[in-house]
Amino acid sequence: MTARRNGAGARLRDGLPLVPFLLYLFVFLLIPTITVVVKAFESDGHFSLDRMRALGDDAALRALWHSVLVSGITAVLGALLGALLAYLVVTSPQTSLFRRIVTSVCSVLAQFGGVALAFAFLATIGFSGVVTVWSRDHLGLDLYGSGWLFDIPGLVLVYSYFQIPLMVIVFLPALEGLRAQWREAAVSLGASTYQYWRHVGIPLLTPAFLGCTLLLFANAFAAYATAAALISQGNPILPLLIRAALTSEVVLGQAGFGFALAMEMVVVVTIVMVAYGALVRRTSRWLQ
Amino acid sequence: MVPFGLFFLVPLLAMLDFSTRKIGGGGRTWQAWRNLVQDDQLYHAITISLGLAASTVAVMLALLVPTMIWVRLRTPWAGRLIEFLCLLPLTIPALVIVVGLKGVYAWVTYFLGESALTLAFIYVVLVLPYAYRAIDAALSAIDVNTLSEAARSLGAGWATTILRVVVPNIWSGILSAAFISIAIVLGEYTIASLSGYQNLQVVIVLLGKSDGPTSVAASLATLLFGMVLLLLLSLVSRGRRAADTDVTTGVVAPAPTTVAERS
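The listed protein sequences derive, respectively, from chains A and B. The first sequence begins at 5 in the numbering used here and counts up by one. The second sequence begins at 350 in the numbering used here and counts up by one.
As structure tokens, then:
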């Protein structure tokens, strides 16, 4: 109302209380991000592609490939198993204690786990882990092997422990959006359970399912804490190579390599998330 | 259901078993759990993380609540921008922020001194998406405009309107935002470890190299604390439906206009 009467001046004056917030985000979010982008294309103060070219190194390419591999496998595994678990959960009423406990536990494991998840698996199947010791004593089976827990297979297992819960959390709303009336309509037209899922349920859920899979991919790709706590030597995946670049630039002999790696991570995550956004828009057409 | 139950419960039970067994012999000991308060380094780290959680919540609320209310009342044209900015940290991994943080933190430590508590500034950014969703859900549930017009027509100024009329009506959202922020800050490792400060998670990893049971006990404690926190939250906000699913889980039903995810 004020804005219409006094035009742009009043609009600006109304906007003044937003300045602290905008300033804060500029300093603590935008400046760090812009720094990464600028420094990735800079060398000795000028524009240069040297740092980006370093991404073509064997070590950098291998880390990228391993990251894609771990994220891809855990995204697909997590999406399939998480969707199944979400389906099992959705059959219980929303206000039940069981449901509340499952969503709270999933929420913690999916979003706040980090370091603790690495220790959970060290305590379970690490060298003196509970399950390792038990199977060594009772089954004569050496689960520890040659330390697979600290390499790609281990990361896949540990990442599943937060990917499946994340899928449950992000996929539940889509499952809940399937209205009982649609099923009733299909059944009253003579559809079997199989036909309902084949022609109604699964086509409706597919965009949401694919979108969530992409979200899981980005989540695993950017995850750092769990891998860092699990693997203290070697840098098999991109986030750990960034750690190495940050903590021991001298060893790598390339100042600023970390900026290029971080840039690479931003690019991958952004591409995946834009695709995710498109799929979510499609789902939101019917999900109310 | 049973295989899922096993997959998720076994590691948690293994942590309990691992943290209470006696090394090199049978029997149980709670020493690892007593270390949570007896071990100086760990105890110190716990107090730092709690301090960080408190300051993060304080700064986040002071920054976000007035801004979001103001956007609804006077500047709806800025709504999309604020939402976009609030959800942006989900797309920019914490690891990337920490890579570009050096310049900004040089200024922060110049003005405020070298203290682990300065991490709170960056943690506010990390918790922003979750806090935004929680508060936004609460604000959507009430008619902010009518409430404030009523208050203003009775002679209340803007500060009174916001603090004494609107805020009491969105307590559930503020509480959710605070709880989720606490859970995130207590579990934060990436930024603290790479900027060289010792918060709880950093010390847990350090201890893991020398005293396995204690770090496993501390890990399990943070997980359980988070679960209890969120379960309480979901019980407190019992009754209200869709919006609450949003609140407790954070990432549910991401806004179609924006992209999302975290570190």
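Ideal placement from N, C-alpha and C gives every residue a C-beta, glycine not left out. In this text the structure is predicted, and so the values were computed from the model without any measurement.
In chain A, what lies closer than 9 Å to residue i by C-beta?
i: B:Q550; result: G118, V119, A120, A229 and A233
i: B:D492; result: Those do not exist, as B:D492 stays about 17 Å from chain A at its closest Cβ, beyond 9 Å.
i: B:A363; result: A124, F125, A127, T128, I129, G133, V134 and V135
List the residues of chain A whose Cβ lies closer than 7 Å to the Cβ of residue i, in chain order.
i: B:P438; result: L33
i: B:T424; result: D18, G19 and L22
i: B:F353; result: L89
i: B:G575; result: V112 and F116
i: B:W382; result: Within chain A, no residue comes near B:W382; the closest Cβ sits about 14 Å away, beyond 7 Å.
Compute the beta-carbon to beta-carbon distance between residue i and residue j, rounded to the nearest angstrom, for a pair I have assumed lies under 8 Å.
i: B:V534; j: B:L385; result: B:V534 to B:L385, Cβ: 18 Å. No contact.
i: B:L580; j: A:R104; result: 6 Å
i: A:Y228; j: B:T539; result: 5 Å
i: A:I168; j: A:L153; result: That pair is no contact at about 18 Å.
i: A:A293; j: A:L234; result: Chain A is shown only over 5 to 292; residue 293 of chain A falls outside these bounds and no answer can be derived.
i: A:K43; j: A:F261; result: Between A:F261 and A:K43 the Cβ distance is about 10 Å, and since that is not below 8 Å, they are no contact.
i: B:F470; j: A:F32; result: 6 Å
i: B:L584; j: A:A120; result: Actually they do not touch by this definition, with Cβ atoms about 23 Å apart.
i: B:S544; j: B:L422; result: Not really, about 38 Å apart at Cβ, beyond 8 Å.
i: A:V278; j: A:V40; result: That belief does not hold up - the Cβ atoms of A:V278 and A:V40 are roughly 19 Å apart, past 8 Å.
i: B:T563; j: B:D388; result: 7 Å
i: B:V552; j: B:Q380; result: Actually they do not touch by this definition, with Cβ atoms about 17 Å apart.
i: B:I397; j: B:V493; result: At roughly 37 Å, the Cβ-Cβ gap does not stay under 8 Å, so B:I397 and B:V493 are not in contact.
i: B:A363; j: A:V272; result: With a Cβ gap of about 34 Å, B:A363 and A:V272 do not count as contacting.
Whose Cβ in chain A lies nearer than 8 Å to the Cβ of residue i?
i: B:L391; result: Simply none; closest approach about 14 Å.
i: B:Y538; result: G118, V119, Y228, A229, A232 and A233
i: B:A427; result: G19 and L22
i: B:D388; result: Those do not exist, as B:D388 stays about 16 Å from chain A at its closest Cβ, beyond 8 Å.
i: B:L444; result: A226, Y228, P243, I246, A266 and M269
i: B:D366; result: A127 and V134
i: B:S497; result: Near B:S497 there are no residues of chain A at all, since even the closest Cβ is about 13 Å away, more than 8 Å.
i: B:G322; result: Given that chain B is displayed from residue 350 to residue 612, the structure contains no residue 322 of chain B and the question cannot be resolved.
Between which residues of its own chain and residue i is the CB-CB distance below 6 Å, once the five residues before and five after are set aside?
i: B:K558; result: none
i: B:I395; result: L549
i: B:Y472; result: T405 and V534
i: B:D636; result: With chain B represented from 350 up to 612, any question about residue 636 of chain B goes unanswered, as that position is not in the structure.
i: A:F1; result: Coverage of chain A is limited to positions 5 through 292, which leaves residue 1 of chain A absent and any answer about it impossible.
i: B:R589; result: Note that B:R589 has pLDDT 49, beneath the 50 cutoff, so the model's placement of it is unreliable and no number is given.
i: A:L73; result: none
i: A:V137; result: none
Ignore the nearest five residues each way along the sequence and tell me which others in residue i's own chain have a CB closer than 7 Å to its CB.
i: A:V172; result: G86, L89, A90, V93 and C110
i: A:G11; result: none
i: A:C216; result: A83, M171, V174 and F175
i: A:T287; result: A178, P211, A212 and G215
i: B:A499; result: none
i: A:L219; result: V174 and Y280
i: A:V284; result: G215
i: B:V420; result: A427, G428 and I431
i: A:V331; result: The requested residue 331 of chain A does not occur in the structure, where chain A is confined to residues 5 to 292.
i: B:V457; result: T467 and F470
Using a Cβ-Cβ cut-off of 8 Å (strictly less than) and excluding sequence neighbours within five positions of residue i, which residues of its own chain qualify?
i: B:G575; result: A532, L535 and G536
i: A:R247; result: Y228, A232 and N239
Using a C-beta to C-beta distance shorter than 9 Å, which residues of chain B count as neighbours of residue i?
i: A:Y163; result: Per Cβ cutoff of 9 Å: no residues; A:Y163 is ~13 Å from chain B at best.
i: A:Y28; result: V408, L412, F470, V473 and V474
Name, please, each residue of chain B whose Cβ falls closer than 8 Å to the Cβ of residue i.
i: A:Y91; result: Neighbours of A:Y91 on chain B: none; closest Cβ ~11 Å, over 8 Å.
i: A:T37; result: I441, V445, I446 and G449
List the residues of chain B whose Cβ lies closer than 7 Å to the Cβ of residue i, in chain order.
i: A:T95; result: Those do not exist, as A:T95 stays about 10 Å from chain B at its closest Cβ, beyond 7 Å.
i: A:R104; result: L580, S583 and L584
i: A:G262; result: V448
i: A:P207; result: Those do not exist, as A:P207 stays about 20 Å from chain B at its closest Cβ, beyond 7 Å.
i: A:F25; result: L412 and T416
Is any beta-carbon of chain D found at less than 8 Å from that of residue i?
i: A:L250; result: The structure shown contains no chain D; the protein chains it does contain are A and B.
At 4 residues or longer, and completely inside the region 135-221 of chain A: list those alpha helix (DSSP H) runs for me, N to C.
Entirely contained in the region 135-221 of chain A, the alpha helix (DSSP H) runs reaching 4 residues are, in chain order, 156-181, 184-192 and 197-200.
Tell me the start and end of each unbroken alpha helix (DSSP H) in the region 472-535 of chain B that is at least 4 residues and wholly inside, in chain order.
As far as the region 472-535 of chain B is concerned, its whole alpha helix (DSSP H) runs of at least 4 residues are 493-502 and 520-535.
Cβ pair count under 8 Å reaching 3, the region 35-47 of chain A against the region 436-452 of chain B:
As far as the Cβ criterion goes, the region 35-47 of chain A touches the region 436-452 of chain B, which means the pair count is three or higher.
Cβ pair count under 8 Å reaching 3, the region 476-486 of chain B against the region 407-422 of chain B
Of all C-beta pairs linking the region 476-486 of chain B to the region 407-422 of chain B, three or more are shorter than 8 Å, placing the two stretches in contact.
Hey, is the region 119-138 of chain A in contact with the region 559-571 of chain B, meaning 3+ C-beta pairs nearer than 8 Å?
Yes, the region 119-138 of chain A is in contact with the region 559-571 of chain B.
Report the residue ranges of all alpha helix (DSSP H) runs contained in full by the region 12-95 of chain A; include only those spanning at least 4 residues, in chain order.
With a minimum length of 4 residues, the continuous alpha helix (DSSP H) runs that stay inside the region 12-95 of chain A are 12-19, 23-29, 35-44, 54-57 and 62-94.
Stretch pair the region 504-515 of chain B + the region 449-468 of chain B: three plus CB contacts closer than 8 Å:
When C-beta atoms of the region 504-515 of chain B are compared with those of the region 449-468 of chain B, fewer than three pairs fall below 8 Å, so the two segments do not count as touching.
Quick one: any contact between the region 143-162 of chain A and the region 51-69 of chain A, if contact means 3 or more CB pairs under 8 Å?
Touching, no, given that fewer than three Cβ pairs across the two stretches are closer than 8 Å.
Restricting to runs no shorter than 4 residues, where is the alpha helix (DSSP H) found entirely within the region 431-478 of chain B?
Runs of alpha helix (DSSP H) with 4 or more residues, each lying fully within the region 431-478 of chain B, are found at 443-448 and 451-461, listed in chain order.
Runs of alpha helix (DSSP H) lying entirely within the region 225-262 of chain A, each at least 4 residues, in chain order
Taking only runs of at least 4 residues, the alpha helix (DSSP H) segments lying wholly in the region 225-262 of chain A are 229-234, 242-251 and 253-256.
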